[in-house]
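Worksheet for the structure shown next.
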Amino acid sequence: MKKYDTMKNYYSRLIIAAGAAIASVSGLAASDGIKVEHLGTTNTIVRVSGDSKYLLMPVQEANEDADVKVLVDGKLDRSIKVRLAKSKVDYTVPFDLTPYKGRDVVLNIVTAQNRSTVREAKDDACWRNFALADTFDTANREKYRPLYHHTPLYGWMNDPNGMFYKDGVWHLYYQWNPYGSKWQNLSWGHSTSTDLVNWEHHPVAVEPDGLGMIFSGSSAVDTENSAGFGKDAVVAMYTSADVSQIQSLAHSGDNGMTFEKYSGNPTLTLESEARDPNMFWNPQTRQWTLLLAHALDHEMLIFTSPDMKEWTLQSAFGKGLGAQDGVWECPDLFELPVDGTGEKKWMLICNINPGGPFGGSAAQYFIGDFDGKTFKADTDAEGKVPTKWLDFGKDNYATVSWSDAPDGRRTVIGWMSNWQYAAEVPTSQYRSANTLPREVSLFRGADGQVYAATNPSPEIDAIRGKASVNAKGVSFGSKAKTFSLPKANDGVCEIALTVNPRKAGSVTITLANEVGDKVVMAYDPAAATFSMDRRKSGAVDFSQEFPAVTVAPVFGTDRELTLRVFVDRSSIEVFGNGGRFAMTNLVFPAKPYSTISLAADGGSAKASLAVYPVLVK
Ligand code: FRU
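Residue numbers for the sequence shown follow the working numbering, beginning at 709 and rising by one.
Take a look at the structure:
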């Protein structure tokens, strides 16, 4: 495997490729090697010849999808949907021609727009902007692309899924559209990292087929060759999504770089909507265990299997429990010790959409016991199963864990967006980032319940630069004390804060820039809550669901509050009181936030503040 690139180097290395994509938006006639034949108002044939690596397809996001059938030597190779440009080209997406070198490639395209005449249809911007190129421009042209969070090189991304760790490498797959920055053509994109900060991007790992798109799922290393795909084969189980949702298997003999679909697919079918299979080897029962989201029934189905192919339904968990709005998706189940006790508990993650505490999607979880067949959730003093949230922001969804992580770690990552507006956020070359990878641990709260704490994975400590602010014992009252944020890398940083409110009624922590954009975080010691207000954070009007104030219980043991705040161009992630609460919110400031101000109401407060610029290799 080649040496891992940092994302930054990767982008800059590819800048030289920019010419091809830019030429394609300048309105030139389609290049040599592309022949366009119009067959009517909605049907067009595009013939491609020559040895170029990519066919660049011009996209206009506001347009409807065109159905593109790709024929190779007369045989249907694949069908994809692309928002082909009508009046203007927003960006191009590459169709990889390398597998078809020397063969005839024909696109049979049906556009959605009804044109009254062929002449009108011929005028569509896409026809003169299809282009052939040997490179595709993935240089970062967007100010909101995070520096130290995982993003796809281009195109739409939702759920992280299928993650596993093997031989020192963290494999991250994700729901990916390689042909546009809106949800479509779902495939498993693939990135790897050895340090959970720098990601190398790989070719698509699992592509749609006759059973449908490739929705979310999980992977596991089959150390005992129970499935018969070979010892240590990586086996992926995912949802094939067409008219129905069914479960399929794919296996990899090269550590997850390429997958072969199992010839017996689908392996598991039901009569109702079920998706996002999450399987793991349970050493206690010596069986594979599978959680499958029975999405519309608001329950998780639990199956077992000796070989990942034949599954036996053992139980269903969740009817009537926890947050029941929306659909149940993307489950996970694992066992962890409860800090400071000799006890172990099972944690069942259940992502829901909508129905999150602040609207739209969110990750809820249950703590309980699992006997290999049935999960039983803990109840509170009144005998009810309490609703628990993994993150109290609006932008943490589809959180699931890596299988086979080292040293007993339970490392999770979430999609840093919300289905309410994910497709509308003001980026275009790519859409969506993932959260920081996080370590899950369990603690017993003051109410006797077991809760999950999440903290940034320890690898993230390595990106802390030398503190640009290191202020201890700062006193402040109603007049704010203001400190600068780093200028480098558009102000991306980590802020570490310890706040002692003393007698103050509330403490506010404000990130602001010189054009008036601001994010106001507030600690209310009496209510024991922490909130974040992004209503004036920058661009907020792309969706009426975006402006919001999110609130978390601080799970404190005293009035002092500790915070780690990670700012990365368009995201703010807060980990409070040792990860006992987390809050993740997107922001789109016109300019990077340049200051942090501390103020207190109703008395003076004290804080220690350190600001660390982020250093990425
Ligand atoms: C969750 C989800 C999953 C599904 C995937 C499709 O965000 O709806 O349930 O597998 O996205 O992209």
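Backbone N, C-alpha and C define an ideal beta-carbon position, used for all residues, glycine too.
The beta carbons of K1226 and T1237 sit no closer together than 7 angstroms. For K1053, the enclosing beta strand (DSSP E) stretches over residues K1052 to N1061.
Boundaries of the alpha helix (DSSP H) around A829: V826 to K830. If you look at A833, you'll find it in the alpha helix (DSSP H) that goes A833 to N837. S952 has its CB no nearer than 6 angstroms to any heavy atom of ligand 1.
With a cut-off of 8 angstroms on Cβ pairs, the stretch 832–840 is not in contact with the stretch 920–931, counting fewer than three such pairs.
The criterion of a C-beta distance shorter than 7 angstroms is not satisfied by F1289 and F1254.
Closest by C-alpha distance to D832, out of K794, P1014, I1121 and F967, is K794. Per the DSSP secondary-structure output, N1293 pairs in a beta bridge with I1280. It is roughly 34 angstroms from the alpha-carbon of I1304 to the alpha-carbon of T900. Taking one beta carbon from each stretch, the stretch 1127–1135 and the stretch 1144–1163 have fewer than 3 pairs nearer than 8 angstroms; the two do not touch.
Separation of E915 and S1176 (C-alpha to C-alpha, rounded to the nearest whole angstrom) is 46 angstroms.
If you draw a 10 Å sphere on the C-beta of A958, you find 16 or more other C-beta atoms in it, and that means buried.
For Q892, the CB stays at least 6 angstroms from every heavy atom of ligand 1.
Proximity of the stretch 814–832 to the stretch 770–778 meets the contact definition, three or more beta-carbon pairs being nearer than 8 angstroms. By the Cβ-count criterion, P911 is exposed, with fewer than 16 other Cβ atoms from all chains shown falling within 10 Å of its own Cβ. Spanning the alpha carbons of K1092 and Q1157 requires a straight line of approximately 12 angstroms.
Ordered along the chain, residues surrounding ligand 1 are N866, D867, Q883, L894, F923, S924, T947, R983, D984, E1037, C1038 and A1106 [Cβ under 6 angstroms from any heavy atom]. Taking the CA atoms as reference points, D1088 sits about 12 angstroms from G1076.
Pairing A1307 with G1185, the inter-Cα distance amounts to about 5 angstroms. Beta-bridge partners of W1097 (DSSP): Q1072. By the CB criterion at 7 angstroms, K1096 and N1126 fall outside the cutoff. Exclusion of the five residues before and after D1241 leaves V1228 and V1257 as the residues of its chain whose Cβ lies within less than 6 angstroms of its Cβ. In the three-state scheme derived from DSSP, where H, G and I count as helix and E and B as strand, L1004 is classed as helix.
If you draw a straight line from the Cα of D984 to the Cα of P1014, it is about 20 angstroms long. Taken atom to atom, the span from the alpha-carbon of F1250 to that of Y852 is near 15 angstroms. Counting every other CB atom within 10 Å of its CB across the protein chains shown gives L784 a total below 16, marking it as exposed. Setting aside the 5 residues that flank it on each side, D1309 is surrounded in the same chain by S1186, A1212, G1213 and S1214, each with a C-beta closer than 7 angstroms to its C-beta; the list follows chain order. Here the stretch 1029–1039 does not lie against the stretch 1133–1142, with fewer than 3 beta-carbon pairs under 8 angstroms apart. In this chain, the beta strand (DSSP E) harbouring H909 covers E908 to V914.
Close CB contacts of K1244 within its chain, under the 6 angstroms cut and outside five residues either way in sequence, are with K1226 (chain order). When DSSP states are grouped into helix, strand and coil, D1040 belongs to the strand group. Using a Cβ distance threshold of 7 angstroms, S926 and N986 count as a contacting pair.
Distance from the Cα of V951 is smallest, within the candidate group F923, G972 and A944, for F923. Counting every other CB atom within 10 Å of its CB across the protein chains shown gives V1275 a total of 16 or more, marking it as buried.
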